[in-house]
Amino acid sequence: MTIDPGTESQATAEPGAPAEPTAEEALPAATEIPLEARADTLGAYVGRWWQGVRAGELGALPIVVGLVVIGIVFGTLDDTFFTERNFTNLLLQMAHIATIAIGVVFVLLIGEIDLSVAFVSAVGAVTMTLLLRPDASDWPWWAAVAVAVIVTTLIGLLQALVITKAGVPSFVVTLAGLLIWSGVVLIMTTEYSTSGTIRIQDDTVIGIANDFLSDAAGWVVGAVAVAAYALSQALTARSRRARGLDAKPGIVIALQVAGLAAVAFVAIWYANRDRGVPQVTLLVLLLFVFWSFVASRTRFGRHVYAVGGSAEAARRAGINVDRVRIAVFMIAGFMAGLGGIILASRLRSVATNTGGGNLLLQVIAAAVIGGTSLFGGRGRVVSALLGAVVIIAIDNGMGLLNLATGTRFVITGLVLLAAVLVDALSKRRRAARGVV
Amino acid sequence: MTESPLLECEGVSKAFGAVQALYRVDFEVNAGEVMALVGDNGAGKSTLVKCIVGIYPFDEGKVRFQDEPVDIHGPRDAARLGIEVVYQDLALADNLDVTANMFLGRERTRGGFVLDEPSMEHAAEETLGGLSVTTLGSVRQTVAGLSGGQRQAVAVAKSVMWDSKLLILDEPTAALGVAQTRQVLDLVRRLSDRDLGVVVISHNLHDVFEVADRITVLRLGQRVAVLDRAETTQEEVVHAITAGTLDHVPGMADAGVTEA
């Protein structure tokens, strides 16, 4: 604990001052203006939001601005960017990024980093593919998927144990992991194939990221999602009002539900004009809802934020900080495994270079661009989705323009840099307002 | 005030190697009383507090709490008895809101997993309201946005929410401005009005004289005076801090003057 004699060095106040036991009438204590008034009306709600933005609580604002810019740039430069076909392509291409990035968000929330996720995802994909080979093990698809995900989760556990028990920074441990798991992928793929590429021949697994919902199913999913959102918002507001607490005004809930419905239904309509809503999009949405719930509504999620905000405060509050850290790295491993399976499914194969290239950069960039702070304790699961949209939209647009690989790396790097700058500047702005 | 003290330390000592940090110190706090603990650097204030909550064991001496002999082996034992310490650094998570901080590690849930936010928020508002902490706009704003005095209030409220009987505040006003110091001192008075025992460690005699009922002065690990606020002066306290008579000479056992 922290009373050390050194902190007692404040000067003994006015030792020679006249003894003057002061009366206890309170001075007016109203010198502090409440930062946040109750927001029961639409105007107050919007006002509070704007106040937050100005104080550096940017939320999803940079994403919206970024997407508009991306849309304008690529929309004018290339005719095929805004087509139904390309829209469903985007949905397919972002799925594995968003999935892995959800795990990265958790790691960033506790103020750590995991540089191994890309190759861990490849280990999962290769494990599954090897188990599925019809000429060898020929496992049922569900067993192969389950084992692959268990393997990547255990990799997360292993790395977390080194980080927590030995006290080595996660940066170094997962950097070593990056090299180790890329080597494992190389060994496994070259061991079992001469060409270095192993095809997946299981229809269910290939279907994960290649099949589409029927038009009707797409609409049903959209309607259920919007209804569930509306219901959860309404129930939350009701239970808060029942306790006499301020709640989101009904008009705000109605507007948010209407906005979500508009976006969802336009997207579904647009996707249905092509091949329909990809199955994998539904999978990603379910993962998003589940992990959002874990992060924002459960005791575990609260502890994740606490560890990221102040590990010392969390420890003194009786939270087992190491256990939270271990669980978070296991989540990252689990989500990496799922992401690897999704990517392998879309590509219908794994190869020696699976998990390589700029995958690591893309998933970490997705989490950060979406608004999760590298400094720990700030961010939401939704940032994985938003960031994945941005990253993939840029990648996809540059692909359509046939830009050279070098140019694409430079531009993607600059976008990541911009996102980190927004994070750092908004942190500074919050600090300037006393909101560290 | 009750007859027997809420907390009573009798002849407690603590040595770190050759350094006698505490030597046969008697210390007591009554319920509903604010006891200030003052002394120069190295007088043993922090050591005494750390020993009371069990971070270090006493070498000798007895501790009684609510008239029962107790053996406290750590902050958790202390918390179970109802003894809470608010340290100078407050140990709040800046990124969490007031409610989340107050319930950190002891969240209320439905079914063991899902946070019961309305219930916690309600309880947080009630606790803060009960302490007349009115300058907080919302218990849903993050702690990072609070002033020093507000943070102190949150840390104190967090401690009293768990049915605590004795609250130890380590330099609660050290980093605060005038108005905020005033708020915290008012808060301390309200705690004692609620029949809690409060120990305030402070260097600021002005604050001590505003808030304390009694003042225990430590010097070189020994208690040199217990003064009634109403019957003493700052000069007397300063004199005790700097030149109070030592009953025992450290390292010479009982060879010094005894109180007999």
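Quick mapping for you: the protein sequence lines, in order, are chains W and G. Residues 9 to 444 (this note's numbering) are what the first sequence spells out, left to right. Residues 340 to 599 (this note's numbering) are what the second sequence spells out, left to right. Think of the CB as a built atom: it goes at the ideal place given N, C-alpha and C, for glycine as much as any other residue.
The residue among E570/G, R568/G, A564/G, T572/G with its C-alpha nearest the C-alpha of A582/G is A564/G. Against chain G, the CB of A321/W has a partner CB under 8 Å away; the residue lies at that interface.
For Q561/G, the uninterrupted beta strand (DSSP E) run begins and ends at 561 to 567, by DSSP.
By the Cβ-count criterion, E446/G is buried, with 16 or more other Cβ atoms from all chains shown falling within 10 Å of its own Cβ. Contact residues of the stretch 460 to 479 of chain G toward chain W are E460, H461, E464, T473, T474, L475, G476, S477, R479 (C-beta to C-beta distance below 8 Å). R283/W and L116/W have their C-alpha atoms spaced approximately 36 Å apart. Among the residues facing chain G, I339/W is not included, as its CB has no counterpart in that chain under 8 Å away. Inter-residue distance for S343/G and S381/W is about 53 Å (C-alpha atoms, whole angstroms).
Residue contact check for G583/G against chain W: no CB pair falls below 8 Å. Taking C-alpha positions only, I349/W is separated from R415/G by approximately 46 Å.
Beta bridge pairing from DSSP links D509/G with I540/G.
Taking every protein chain shown into account, the CB of E464/G has 16 or more other CB atoms within 10 angstroms, so this residue is buried. For V423/W, the closest alpha carbon among the candidates I118/W, D403/W, A266/W, R56/W is that of D403/W.
Q359/G is bridged by DSSP to A354/G. Around the beta carbon of F90/W, fewer than 16 other beta carbons sit within 10 angstroms, so the residue counts as exposed.
For L138/W, the uninterrupted alpha helix (DSSP H) run begins and ends at 125 to 140, by DSSP.
Counting along the chain, the unbroken beta strand (DSSP E) around F404/G starts and ends at 399 to 404. For E407/G, the three-state secondary structure derived from DSSP is strand. Non-local C-beta neighbours of N366/W in its own chain, meaning closer than 8 Å and more than five positions away in sequence, comprise F417, T420, ordered along the chain. Cβ contact annotation for A272/W (same chain, cutoff 7 Å, sequence separation greater than five): G230, A233, V234, in chain order.
A check of alpha carbon separations from E367/G across T571/G, I554/G, G560/G identifies I554/G as the nearest. For A430/G, the neighbours in chain W by C-beta distance under 8 Å run, in chain order, S318, E320, A321, R324, A325. The C-beta of H311/W has 16 or more other C-beta atoms within 10 Å across all chains shown, which makes the residue buried. Taking a cut-off of 8 Å on C-beta distances, the stretch 453 to 470 of chain G does not touch the stretch 403 to 415 of chain W, as fewer than three cross pairs fall below it.
It is roughly 10 Å from the alpha-carbon of G469/G to the alpha-carbon of M500/G.
S352/G is positioned such that its CB atom lies no closer than 8 Å to that of D410/G.
Approximately 12 Å separates the beta-carbon atoms of L526/G and D546/G; this is outside 8 Å, ruling out the contact. In the structure shown, the three-state DSSP call for R251/W is coil. For V176/W, there is no enclosing alpha helix (DSSP H), as DSSP marks it with neither H nor E.
Between K384/G and I540/G, the gap from beta carbon to beta carbon is short of 8 Å. Judged by DSSP secondary structure, A432/G falls outside any beta strand (DSSP E); it is assigned neither H nor E. For V453/G, the chain W residues whose C-beta falls within less than 7 Å of its own C-beta are R305, T306, listed in chain order.
Under the 8 Å Cβ criterion, the stretch 298 to 309 of chain W does not count as touching the stretch 367 to 375 of chain W, having fewer than three qualifying pairs. For G378/G, the uninterrupted beta strand (DSSP E) run begins and ends at 373 to 378, by DSSP.
Taking all protein chains in view, the Cβ of I71/W is crowded by 16 or more other Cβ atoms within 10 Å, so the residue is classified as buried. With a threshold of 8 Å between beta carbons, T448/G makes contact with chain W.
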